[in-house]
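Novice:
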Amino acid sequence: MPGKVVIIQPIEPTLAVRLYLPLLSGMALTFRKFVANVFTPKTRPTIEYPEQRRDYSDRYRGRHILKAREDGTLKCVACYMCATACPADCIEIVAGEHPNLAYEKYPTVFEIDLLRCVMCGFCVDACPKDAIWMTKDYEMSYFSRQEAVRGIPELTEKPSDTGADGPGYGYRPYYGASPAKKAGQFEPSGLSLLPMTLARNAAINRVPPPPPKPPAPAPAPAAKPAA
Amino acid sequence: MSATLSASSDVSFAPLIERKFPDGSVHLERRPASDVPTVVSTPAASVEAARFLRDDPAAAYDLLLDLVAVDRLKLDGPPSFRGDERFQLNALLYSTKRNEHLRLRVALPASDPRLPSLIEIWPAADWFEREAWDLMGIRFDGHPNLARLLTHNGFVGHALRKDYEAGQRWLCTDEDVLQTKLAARSDLPEDVFETMTLNFGPSHPSTHGTLRIVLRVDGERIVAAESECGYLHRCFEKMSETHTYTQVIPYTDRLNYCSPMINGNGYARAVEQMLGIEIPARAKAVRVVLSEFSRIMDHMVCIGANLVDLGGLTTFWYSYQAREEIYSLLEACCGARLTSSYARIGGLSMDVPDNFVEWCRKLVKSVTTHIQEVDTLLTKNRIVQKRMSGTGVVTKEQAIAWGFTGPCLRASGVGYDVRKDKPYDGYDEVDFDVPVTTAGDNYSRYLVRMEEMRQSLRIIEQVIARLPGGPVVSDDYRVVLPPKEMVYNEMEGLIFHFKNVFEGIQVPAGEIYSYTEGANGELGYSIVSDGSGRPYRVKVRPPCFPLFAAFEKIIIGGMVSDAVATLGTLNIIAGELDR
């Protein structure tokens, strides 16, 4: 499709423009804004920050919390998925053996360095146990660098995180990604797990371009079998 | 996307190359159809090949987009990679007359890689060659000033070489701080009035970032200038090599931080092209809507901040109001106002909120009002016109030679817009115009941006009117994380999940140049993959880079205050300039 290119004509300096008259409409605009802001404070675009706060969505990526099971133990099983997925390398985990055999593994150390964290939410996406969420808390300022490294006591979810005065839950695992579920036909069988067609397989494992000369096909790289 | 290798058939001038270079020193390379056509040249024949590609009417590659240097030391291949073909220099070209991209590739040996400078063919090569020298250690014979660009003068080694160990620290001592040659040059006019050297930046309010320009001024008039960048270099490209493909996404948000969505989308698109996957229609539509909103934000920031530099603070408030409202929509979609990280390889991280369409409609209305307000304040304002008309003029020929793209190229009279000329993500299904002016001055760049914002709103209206349903992310679980139900309840889902997180997306070995229309021009990603879960080399083509490289040439002869206006309308974003 050929591009439709529109040529903008330069603004003619008419007599009105040369007499600076359009400035009056600009002044009228600012005056209107001024009057509106003085007499209808509710429509002001600005807020008085510490007293008034902006309302963020339930996806807000703020300070992290570690979710707990009903018996109060952490859901985390120290699988290192979040630490691996973290692009900023800010999660430090040391695993230990849990006295309760059903839980097997638990983190003895779980630290997030909030000064390194880029708040991308990849740890939440990566967690296979629904153990780490984020809150809407965006006020993360500390008096020392050491304080910004949050350990298990600080990270564990507290009533003050989610109560009426707390920031509330923010970014959490996303359940809507399953296309089948959206269409109302989600089936927990193994069949829906391999939607890759042969054609797509071929495209993914396609042969790399051969070196310039001679044009002999190079061997395919060791294609990673999916599961 | 077809995986077949195609060669000469897609390049119309293939027979001409064979006739002109019968010895085979310049020839076509077979590439996957998704990548741009590639011409390979020997170092000795490179200038001749470049001249042929620029001047031959059948080729006419007049715009140099990018120079991508690749160190193939650790890439699987013949032993020659470690010997006589270790480095590759890829010049990415675009023909404004034929609307075609091309890659000109030169292989260089491991010891003392050097080739003749391309600066006389494409003046835009100036800074790109300095960057290739700085980060990859490739010498360009005949370059007038082959100094380091992104790293400082006390830096030892070339950071993007594969045998350079990341994490080394080099001290920048007082002697290493760039003493511009300008201050010592004797050929500058000293006769009429005393000229003086003026240091402008790196932390000056009107540089909007950390840029440094050293000016030689005769009174208020600039007689010579030299600009310097690199103060915000955060090793994006080196970092990408140690992260998985998905982990690079948060870093792309920090390139052009005025329109972070567009960077993430461009990057994800590049990787998707390498994988050969098609993303769902809904993901494409949402990407388009949010990219266009980001474009509006970027232009609003550009105009608002520019007017602050010119002394008009009012516009800034009104234009930033539009930005704040758009940020709220972005936050509702992805959970952060600026650092969106919304794109994923294969789609988006999550579906848009339920009230997305109504919200967009409301936003289109209010943004229209804000654009109208800015228009009322500025367009016919004689003071603005007098400050901006006729200053910072870039002619059509200059804009092409200096490698401009985006609004700055269109303001100079070339109607190249990737969204129109190489449509992607369904841009060919929407009706919009590409505004162009011919004057090429600051005022034209302002007019082009104003009209582009209106066109962006038109695109958004059309896309949300028929926003497709369905998933927002591909269902290929080797690329995207499986849905949580599967991860929590099923073995297979968990396996996919683990492999995806621990090994990363296995992108087939190969190379691509993928381009989208960023807010400032063509945003290109050159990615080389070695078949593992981490990119072997990522090179961004930041649209600002050629703009700022040309800045020192544009402002010569003008006033210092006009230089400030020009810097504003070029819209230099230090984040993507320095990477």
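Chains A and B supply the protein sequences, listed in that same order.
In this text, residue positions in the first sequence follow the numbering used here: the first is 106, and each later residue adds one.
In this text, residue positions in the second sequence follow the numbering used here: the first is 105, and each later residue adds one.
Yeah, the Cβ is synthetic: ideal placement off N, Cα and C, and Gly gets one too.
Model, not experiment: these values are computed from the prediction.
(1) Rounded to whole angstroms, what is the Cα-Cα separation between B/V172 and B/E233?
(2) Should B/H347 be flagged as near chain A, meaning a C-beta pair shorter than 8 Å?
(3) Give the straight-line distance between the Cα atoms of B/E189 and B/H256, rounded to the nearest whole angstrom.
(4) Quick one: is A/P272 buried, meaning 16 or more other Cβ sit within 10 Å of its Cβ, or exposed?
(5) Please report whether the beta-carbon of B/S113 lies at a distance below 8 Å from any beta-carbon of chain A.
(6) Need the endpoints of the alpha helix (DSSP H) that A/A236 sits in, please.
(7) Using 10 angstroms around the beta-carbon of A/Y151, count the other beta-carbons present and answer buried if the total reaches 16, otherwise exposed.
(8) So what does DSSP say about A/E292, is it helix, strand or coil?
(9) Can you round the beta-carbon distance between B/G450 and B/I383 to whole angstroms, since I take them to be within the 8 Å contact cut?
(10) Taking only beta-carbon atoms, is A/C225 less than 8 Å away from chain B?
(11) Short check: CB of B/I223 to CB of B/V151, under 8 Å?
(12) Can you confirm whether B/T301, when its beta carbon is compared against all beta carbons of chain A, has any partner nearer than 8 Å?
(13) At 7 Å on the CB atoms, spell out the chain B contacts of A/G131, in chain order.
(14) How many whole angstroms separate the CB atoms of B/V498 and B/G530, which I take to be in contact at a CB cut-off of 8 Å?
(15) Compute the Euclidean distance between the alpha carbons of B/R427 and B/M401, then round it to the nearest angstrom.
(16) Can you say whether B/E680 is buried or exposed, counting buried as having 16 or more other CB atoms within 10 angstroms of its CB?
(17) With H, G and I counted as helix, E and B as strand and the rest as coil, what does DSSP make of A/H203?
(18) Which of helix, strand or coil does DSSP assign to A/G256?
(19) If you measure beta-carbon to beta-carbon, which residues of the segment 596 to 612 of chain B are closer than 8 Å to chain A?
(20) Given a limit of 7 Å on CB to CB distance, which residues of the segment 430 to 447 of chain B reach chain A?
(21) With DSSP as the reference, label B/V461 as helix, strand or coil.
(22) A/C184 to A/P212, Cα distance in whole Å?
(23) In three-state DSSP terms, what is B/K643?
(24) Could you name the residues of the segment 264 to 278 of chain A whose beta carbon sits closer than 9 Å to any beta carbon of chain B, in the order they occur along the chain?
(25) Going along the chain, which residues of the segment 175 to 186 of chain A sit with their C-beta nearer than 7 Å to a C-beta in chain B?
(26) Take the Cβ of B/A436 as the centre, count every other Cβ of all protein chains shown within 10 Å, and call the residue buried at 16 or more, exposed below.
(27) Considering only C-alpha positions, which residue in the set B/W421, B/L394 and B/L193 is nearest to B/M404?
(28) For A/I113, does the three-state DSSP call read helix, strand or coil?
(29) Below 8 Å on the Cβ atoms is my contact criterion, and I expect B/V642 with B/E341 to pass it. Report the Cβ-Cβ distance as a whole number of Å.
(30) Would you verify that the beta carbon of A/A190 is, or is not, closer than 8 Å to some beta carbon of chain B?
(31) Which of the three DSSP states is assigned to A/I170 in this structure?
(32) Decide if B/C276 is buried, meaning its Cβ has at least 16 other Cβ atoms within 10 Å, or exposed.
(33) Sort out for me which residues DSSP pairs B/H131 with in a bridge.
(34) What in chain A is Cβ-close to B/Q425, meaning under 8 Å?
(35) Is B/E621 closer than 8 Å to B/A522 when the C-beta atoms are compared?
(36) What is the DSSP secondary structure of B/F340, reduced to helix, strand or coil?
Specialist: Looking at the coordinates:
(1) The residue you call residue 172 of chain B lines up with position 68 of the second sequence. The residue you call residue 233 of chain B lines up with position 129 of the second sequence. Distance between the alpha carbons of B/V172 and B/E233: 9 Å.
(2) Locating residue 347 of chain B in the second sequence gives position 243, counting from the first residue. Yes - at least one Cβ of chain A is within 8 Å of the one on B/H347.
(3) Counted from its first residue, the second sequence places residue 189 of chain B at position 85. Counted from its first residue, the second sequence places residue 256 of chain B at position 152. So the two alpha carbons sit approximately 28 Å from each other.
(4) Translated into the one-based positions of the first sequence, residue 272 of chain A becomes position 167. Under this definition A/P272 is a buried residue.
(5) On the second sequence, position 9 is the one that residue 113 of chain B refers to. Unreliable positioning characterises B/S113 in this predicted model, as indicated by a pLDDT of 47, which lies under 50. The coordinate reading is nonetheless provided below. No, its Cβ sits nowhere closer than 8 Å to a Cβ of chain A.
(6) For the purposes of this step, residue 236 of chain A is identified with residue 131 of the first sequence, where counting begins at 1. Note, A/A236: premise wrong, no alpha helix (DSSP H); not H, not E.
(7) Residue mapping note: residue 151 of chain A aligns to position 46 of the first sequence, counting from 1. It should be pointed out that residue 151 of chain A corresponds to Thr in this sequence rather than to Tyr. So A/T151 ends up on the exposed side.
(8) As a working note, residue 292 of chain A is residue 187 in the first sequence. Confidence at A/E292 is low in this model, with a pLDDT of 33, below 50, so the placement of that residue should be treated as unreliable; the coordinate-derived value is given next. A/E292 falls in the coil class under three-state DSSP.
(9) In the second sequence, residue 450 of chain B corresponds to position 346, counting from 1. In the second sequence, residue 383 of chain B corresponds to position 279, counting from 1. About 6 Å separates the two Cβ atoms, so the contact holds.
(10) If you number the first sequence from 1, residue 225 of chain A lands on position 120. True, the Cβ-Cβ gap to chain B drops below 8 Å.
(11) Reading the second sequence from its first residue, position 119 is the one you call residue 223 of chain B. Reading the second sequence from its first residue, position 47 is the one you call residue 151 of chain B. No, the pair does not count as a contact, with Cβ atoms beyond the cut-off.
(12) Working through the second sequence from its first residue, we reach residue 301 of chain B at position 197. No, because no Cβ of chain A sits closer than 8 Å to the Cβ of B/T301.
(13) The residue you call residue 131 of chain A lines up with position 26 of the first sequence. Per Cβ cutoff of 7 Å: T480, L481 and N485.
(14) As a first step, residue 498 of chain B must be located in the second sequence, where it is residue number 394. As a first step, residue 530 of chain B must be located in the second sequence, where it is residue number 426. Wrong, their Cβ atoms sit about 32 Å apart, outside the cutoff.
(15) By one-based count along the second sequence, residue 427 of chain B stands at place 323. By one-based count along the second sequence, residue 401 of chain B stands at place 297. Spanning the two alpha carbons is a distance of roughly 5 Å.
(16) Locating residue 680 of chain B in the second sequence gives position 576, counting from the first residue. Buried, since its Cβ has 16 or more Cβ neighbours within 10 Å.
(17) Within the first sequence, residue 203 of chain A is the residue found at index 98, counting from 1. Coil at A/H203, not helix or strand.
(18) Position 151 of the first sequence, counting from 1, holds the residue named residue 256 of chain A. If DSSP states are grouped into helix, strand and coil, A/G256 belongs with coil.
(19) E596, G597, L598, I599, F600, H601, F602, K603, V605, F606, E607, Q610 and P612
(20) E435, A436, C438, G439, A440, T443 and S445
(21) Start at 1 with the first residue of the second sequence, and residue 461 of chain B comes out as number 357. Here B/V461 sits in helix by DSSP.
(22) Mapped onto the first sequence, residue 184 of chain A falls at position 79. Mapped onto the first sequence, residue 212 of chain A falls at position 107. C-alpha separation (whole angstroms): 9 Å.
(23) Residue mapping note: residue 643 of chain B aligns to position 539 of the second sequence, counting from 1. Three-state result, B/K643: strand.
(24) G275, Y276 and P278
(25) M186
(26) The sequence position of residue 436 of chain B within the second sequence is 332, counting from 1. Result: buried.
(27) Here residue 404 of chain B is taken as the residue at index 300 of the second sequence, counted from 1. If we check each option's Cα against that of B/M404, B/W421 comes out closest.
(28) As a working mapping, residue 113 of chain A is identified with position 8 in the first sequence. Correct three-state label for A/I113: coil.
(29) On the second sequence, position 538 is the one that residue 642 of chain B refers to. On the second sequence, position 237 is the one that residue 341 of chain B refers to. Between B/E341 and B/V642 the Cβ distance is about 6 Å, and since that is below 8 Å, they are a contact.
(30) In the first sequence, residue 190 of chain A corresponds to position 85, counting from 1. By this cut-off, A/A190 is an interface position.
(31) Walking along the first sequence from the start, residue 170 of chain A turns up at place 65. Strand at A/I170.
(32) Within the second sequence, residue 276 of chain B is the residue found at index 172, counting from 1. So B/C276 counts as exposed.
(33) Along the second sequence, read from residue 1 onward, the residue named residue 131 of chain B stands at position 27. B/H131 is bridged to B/V144.
(34) On the second sequence, residue 425 of chain B is found 321 positions in, with the first residue counted as 1. Chain A residues near B/Q425: P150.
(35) Residue 522 of chain B sits at position 418 when you count from the first residue of the second sequence. Residue 621 of chain B sits at position 517 when you count from the first residue of the second sequence. According to the sequence as given, residue 522 of chain B is Val; it is not Ala. The answer is yes: Cβ separation under 8 Å.
(36) Locating residue 340 of chain B in the second sequence gives position 236, counting from the first residue. Of the three classes helix, strand and coil, the one that applies to B/F340 here is helix, per DSSP.
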